[in-house]
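Colleague: Here the protein sequences come in this chain order: A and B.
Residue numbers for the first sequence follow the numbering used here, so the first one is 33 and each next one is one higher.
Residue numbers for the second sequence follow the numbering used here, so the first one is 283 and each next one is one higher.
Dropping the structure in here first, questions after.
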Amino acid sequence: MNCVLHFLKNESEVSILENNYDILSPSIKNQFVMSFVPNVLPNRQFEQLFYKKPNNLDSHQEEYSRYFFLYQINHFLQSKNYKRFIFVGSNTKLKSQSDLSDLLNQINAFDIDFVKFKDANGLYEDLFLARIAVLDNNLDYANCTYENYCKRQRYRNYDVYLGSPFVKVKNLEEYI
Amino acid sequence: MNDVILFLTTPSTPEREDISLTNLKQLKKLGKDIIVLSTIPNINPEYYDLASLVVFDFFKGNIFKQLYKKANEYPIPFLKGNGAFFYWFDDPKFIIYTDTHFLSVYRNTKNLIKLAYSLNYRNFLYIEDDHYFSDYGLVKLKEYFTRMNVEQLNGIYFTNTWNYLSEVMHPHFWFGNSAYFDESILNRMPENYDELESQYPISCDYETFLYINIYKRVHNKQNIIIENIRGRSFDDIFGNETKINQIFSHYDIADDSRINILPYKDPNIYKLILNFRKFNMTENFTYVKVLRNDELICGVKLKLKEIISVIDLNLNLDDAPNIKVMFDSNVVKEFKGLTKDNVIKNGKWEDV
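Okay, here's the thing in structure tokens:
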């Protein structure tokens with residue numbers, strides 16, 4: 033099963049999130065929201081919407097909170113037998129003609145595990161496509177403690193966050 | 283991580299919000315993490331302070347009364363729904379079917395327990411929002427949590443027996459082991475109409491469904507504690523200051539189980555049921571009026587307090603009229619666009 037996980041970053045971006053929902057809903061019915069902005073609810077038919085109160089001491093903590101939240105929701109989606117998802121942040125307005133769902137269907141046990149996007153600044157963190165079981169393994173390797181998170185980028189010489197030998201990288205400009 | 287409280291809430295009015303938050307604040311004293319699932323948006327910010335995660339799910343999973351009527355009216359030897367949900371009265375003898383939101387409850391319960399499992403909590407207390415546990419009640423809840431951990435239990439359920447026949451599990455709250463539920467039980471809980479039908483007829487009634495699918499039909503019944511409430515009350519366990527199930531649609535004056543219209547004799551005779559047994563009513567006598575498209579067709583002074591009153595109505599429903607029931611000058615119930623077909627689904631009057 034495919035699904036979409038929207039990340040609502042700011043209250044002002046609700047309309048972008050709703051736009052992304054409308055673009056993806058013809059091909060992907062089940063969509064979810066995660067957010068640190070309490071009580072800001074997009075006006076669409078989501079399966080569930082997950083909210084946490086922000087509790088960040090600094091930018092590292094903020095990044096870790098997001099990582100840990102993603103770990104929890106990804107684990108939930110896996111337990112509900114979802115296979116792969118599109119993760120899209122509300123600061124990312126998708127092009128209406130984008131073929132993201134076709135790209136998502138390329139992700140499976142026999143092919144690639146992730147699709148990542150890059151622009152002139154490098155890899156873009158607010159849009160990626162993931163095989164949920166592999167992402168779960170990525171996120172879970174260090175039990176998600178803050179200490180392990182801080183040194184998460186490389187483990188025995190491998191990237192472990194959104195990491196797999198089987199990754200496709202696409203040009204972000206084609207999609208947003 | 284160890285224990286979590288799974289809190290299902292619908293704080294749709296200030297009164298309901300007050301009951302829900304008071305309950306949650308008491309439960310917070312147990313010192314456990316809390317996951318709240320709300321079925322309505324724009325909740326009080328206090329929920330975010332009390333819970334580590336707040337989830338919203340706005341799916342309206344209603345089960346309509348015609349399903350209950352059908353389930354209950356299969357003749358022997360067909361599959362009669364032992365889980366059909368209805369109100370049954372003996373004197374006078376009649377049955378009333380009402381819509382329920384049980385499919386939403388199945389779905390929300392399942393997703394809360396899935397979250398407990400996904401977030402690596404070992405044991406959970408699943409609880410609805412309309413209770414109040416006194417400090418003594420909290421001590422008892424804490425003892426149950428301790429038993430879950432020390433005795434490595436899979437569940438603690440509170441059961442009952444209705445009419446000496448039907449075994450049920452009280453849905454207000456129970457304890458469970460997340461991994462046990464994920465492995466043995468959650469796959470049976472419907473979260474959409476297709477899955478509901480696959481569990482028919484036992485998915486009709488929430489309490490029966492819980493007893494059958496969480497306990498009776500589960501292979502592994504080891505390490506389960508059953509607390510049977512029959513012949514006693516929750517007060518005996520949690521103290522008389524603890525209040526269980528404070529919000530119940532049957533307590534609403536306009537609920538279909540309180541005021542309803544049943545078919546009686548063709549072509550146009552119907553029974554208006556006014557059921558106020560076990561209902562908090564201040565006035566002894568009430569002037570009851572029935573209006574068809576705002577035209578008075580019946581007016582009578584009745585004693586409603588603590589009794590079931592029945593009025594015969596001669597009603598033409600061919601043009602799907604609006605029927606209003608008034609107590610003194612207040613409209614207490616309105617049947618909009620009432621048709622014969624709709625009345626048939628309301629229930630059955632049985633002449634003695």
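Every residue, glycine too, gets a C-beta built ideally from N, C-alpha and C.
Small disclaimer: the values here were computed from a predicted structure and weren't measured.
Closer than 8 Å, Cβ to any Cβ of chain B: which residues of the stretch 81-92 of chain A, in chain order?
Modeller: Here the close residues are Leu81, Phe82, Tyr83, Lys84 and Lys85.
Colleague: Does Lys112 of chain A have its Cβ less than 9 Å from a Cβ in chain B?
Modeller: Numbered from its first residue, the first sequence carries residue 112 of chain A at position 80. Yes - at least one Cβ of chain B is within 9 Å of the one on Lys112 of chain A.
Colleague: Could you tell me which whole beta strand (DSSP E) segments of length 3 or greater appear in the stretch 283-313 of chain B?
Modeller: Those beta strand (DSSP E) runs which fall completely within the stretch 283-313 of chain B and span 3+ residues are 285-291.
Colleague: Is there a Cβ of chain B sitting closer than 9 Å to that of Leu40 of chain A, yes or no?
Modeller: As a first step, residue 40 of chain A is located in the first sequence; it is residue number 8 there, counting from the start. No, its Cβ sits nowhere closer than 9 Å to a Cβ of chain B.
Colleague: Ignoring anything shorter than 3 residues, give me the beta strand (DSSP E) runs that lie fully in the stretch 401-446 of chain B, in order along the chain.
Modeller: The qualifying runs are 405-410 and 437-444.
Colleague: Taking only the alpha-carbon atoms, compute the straight-line gap between Tyr114 of chain A and Tyr426 of chain B and give it to the nearest angstrom.
Modeller: Taking the first residue of the first sequence as 1, we reach residue 114 of chain A at position 82. Taking the first residue of the second sequence as 1, we reach residue 426 of chain B at position 144. Rounded to the nearest angstrom, the two C-alpha atoms are 34 Å apart.
Colleague: I want to know whether the stretch 199-206 of chain A touches the stretch 147-162 of chain A - three or more CB-CB distances under 8 Å.
Modeller: Yes, they touch.
Colleague: Quickly, what does DSSP pair Glu449 of chain B with across the bridge? List them, please.
Modeller: Within the second sequence, residue 449 of chain B is the residue found at index 167, counting from 1. Per DSSP, B:Thr443.
Colleague: Go to Val120 of chain A, then tell me how far its alpha helix (DSSP H) extends in each direction, as first and last residue.
Modeller: In the first sequence, residue 120 of chain A corresponds to position 88, counting from 1. Per DSSP, Val120 of chain A belongs to no alpha helix (DSSP H); it is in the beta strand (DSSP E), Arg116 to Gly121.
Colleague: To the nearest angstrom, how far is it from the Cα of Met33 of chain A to the Cα of Pro374 of chain B?
Modeller: Stepping through the first sequence from its first residue, residue 33 of chain A is reached at position 1. Stepping through the second sequence from its first residue, residue 374 of chain B is reached at position 92. Going from the Cα of Met33 of chain A to the Cα of Pro374 of chain B covers about 53 Å.
Colleague: For Arg76 of chain A, which of A:His92, A:Val69 and A:Leu56 has the nearest alpha-carbon?
Modeller: Here residue 76 of chain A refers to the residue found at position 44 of the first sequence. Per the Cα distances, A:Leu56.
Colleague: Are Tyr207 of chain A and Ser122 of chain A touching if we call contact CB-CB under 9 Å?
Modeller: For the purposes of this step, residue 207 of chain A is identified with residue 175 of the first sequence, where counting begins at 1. For the purposes of this step, residue 122 of chain A is identified with residue 90 of the first sequence, where counting begins at 1. Going by C-beta atoms, Tyr207 of chain A is not nearer than 9 Å to Ser122 of chain A.
Colleague: So, at 6 Å on beta carbons, what are the nonlocal neighbours of Leu167 of chain A in its own chain, with the 5 sequence-adjacent residues on each side left out?
Modeller: Residue 167 of chain A sits at position 135 when you count from the first residue of the first sequence. Counting only Cβ-Cβ distances below 6 Å, and skipping sequence neighbours, we find Asn106.
Colleague: Taking just the CA atoms, how far does Lys627 of chain B sit from Leu556 of chain B?
Modeller: Within the second sequence, residue 556 of chain B is the residue found at index 274, counting from 1. Within the second sequence, residue 627 of chain B is the residue found at index 345, counting from 1. Answer to the nearest angstrom: the Cα atoms are 17 Å apart.
Colleague: Helix, strand or coil for Ala174 of chain A? Go by DSSP, reduced to three states.
Modeller: Position 142 of the first sequence, counted from the start, is the residue given in the question as residue 174 of chain A. Since pLDDT at Ala174 of chain A reaches only 49, below the 50 mark, its modelled position is unreliable, and no value is offered.
Colleague: Pull up the distance between the alpha-carbon of Ser386 of chain B and that of Lys314 of chain B, whole angstroms please.
Modeller: Here residue 386 of chain B is taken as the residue at index 104 of the second sequence, counted from 1. Here residue 314 of chain B is taken as the residue at index 32 of the second sequence, counted from 1. Their Cα atoms are separated by approximately 26 Å.
Colleague: Taking the Cβ atom as the reference point for each residue, do Ile60 of chain A and Leu136 of chain A lie within a distance shorter than 9 Å?
Modeller: The residue labelled residue 60 of chain A in the question sits at position 28 within the first sequence. The residue labelled residue 136 of chain A in the question sits at position 104 within the first sequence. Against a cut-off of 9 Å, the Cβ pair of Leu136 of chain A and Ile60 of chain A comes out as a contact.
Colleague: What separation, rounded to the nearest whole angstrom, lies between the Cα atoms of Tyr388 of chain B and Asn474 of chain B?
Modeller: Here residue 388 of chain B refers to the residue found at position 106 of the second sequence. Here residue 474 of chain B refers to the residue found at position 192 of the second sequence. Roughly 9 Å separates the two Cα atoms.
Colleague: Taking three-plus beta-carbon pairs below 8 Å as touching, is the stretch 484-503 of chain B in contact with the stretch 397-407 of chain B?
Modeller: Contact fails: fewer than three Cβ-Cβ distances are below 8 Å.
Colleague: Name the chain A residues that come within less than 8 Å of Asp331 of chain B, Cβ to Cβ?
Modeller: Position 49 of the second sequence, counted from the start, is the residue given in the question as residue 331 of chain B. Within chain A, the residues near Asp331 of chain B are Lys85.
Colleague: Against chain B, with Cβ distances strictly below 9 Å, would Leu102 of chain A count as a contact?
Modeller: As a working mapping, residue 102 of chain A is identified with position 70 in the first sequence. Not an interface residue.
Colleague: For chain B, is any of its Cβ atoms less than 9 Å away from the one on Asn34 of chain A?
Modeller: By 1-based counting over the first sequence, the position of residue 34 of chain A is 2. No, because no Cβ of chain B sits closer than 9 Å to the Cβ of Asn34 of chain A.
Colleague: Out of B:Asn324, B:Phe338 and B:Lys587, point me to the one whose CA is closest to Ile317 of chain B's CA.
Modeller: Position 35 of the second sequence, counted from the first residue, corresponds to residue 317 of chain B. It is B:Phe338.
Colleague: Under 8 Å Cβ to Cβ from His413 of chain B, same chain only, skipping five residues before and after it: list those, please.
Modeller: Numbered from 1 along the second sequence, position 131 holds the residue referred to as residue 413 of chain B. Answer for His413 of chain B: Asn305, His454, Phe455, Thr524, Lys525, Ile526, Asn527 and Gln528, listed in chain order.
Colleague: Inspect the beta-carbon positions of Phe617 of chain B and Leu586 of chain B and report whether they are closer than 9 Å.
Modeller: Translated into positions along the second sequence, residue 617 of chain B becomes position 335. Translated into positions along the second sequence, residue 586 of chain B becomes position 304. No, the Cβ-Cβ distance between Phe617 of chain B and Leu586 of chain B is not below 9 Å.
Colleague: Using a Cβ-Cβ cut-off of less than 9 Å, give me the residues of the stretch 333-348 of chain B that come near chain A, in sequence order.
Modeller: Against chain A - using a Cβ distance shorter than 9 Å - the residues of the stretch 333-348 of chain B are Ala333, Ser334, Leu335, Val336, Val337, Phe338, Asp339, Phe340 and Phe341.
Colleague: Can you tell me whether Gln93 of chain A is helix, strand or coil according to DSSP?
Modeller: Taking the first residue of the first sequence as 1, we reach residue 93 of chain A at position 61. Gln93 of chain A: helix per DSSP, three-state reduction.
Colleague: Relative to the alpha-carbon of Arg470 of chain B, which residue among B:His452, B:Lys498, B:Val336 and B:Tyr408 has its alpha-carbon at the smallest distance?
Modeller: Position 188 of the second sequence holds residue 470 of chain B. Of B:His452, B:Lys498, B:Val336 and B:Tyr408, the residue nearest in Cα terms is B:Lys498.
Colleague: Check whether chain B comes within 9 Å of Ala174 of chain A, counting only Cβ atoms and requiring the distance to be less than that.
Modeller: Mapped onto the first sequence, residue 174 of chain A falls at position 142. Note that Ala174 of chain A scores 49 on pLDDT, short of 50, meaning its location in the model is unreliable and no value can be drawn from it.
Colleague: Since I believe Tyr552 of chain B is in contact with Ile543 of chain B (beta carbons under 8 Å), could you give me their beta-carbon distance rounded to a whole number of angstroms?
Modeller: Locating residue 543 of chain B in the second sequence gives position 261, counting from the first residue. Locating residue 552 of chain B in the second sequence gives position 270, counting from the first residue. The Cβ separation is near 5 Å, so the contact holds.
Colleague: Kindly provide the ranges of any alpha helix (DSSP H) runs that are 4 or more residues long and lie completely inside the stretch 322-355 of chain B, ordered along the chain.
Modeller: Entirely contained in the stretch 322-355 of chain B, the alpha helix (DSSP H) runs reaching 4 residues are, in chain order, 328-332 and 347-354.
Colleague: With which residues is Lys202 of chain A paired in a DSSP beta bridge?
Modeller: Start at 1 with the first residue of the first sequence, and residue 202 of chain A comes out as number 170. A:Phe149.
Colleague: Would you list the residues sitting across from His38 of chain A in a DSSP beta bridge?
Modeller: On the first sequence, residue 38 of chain A is found 6 positions in, with the first residue counted as 1. Note: His38 of chain A sits in a beta bridge opposite A:Val65 and A:Val120.
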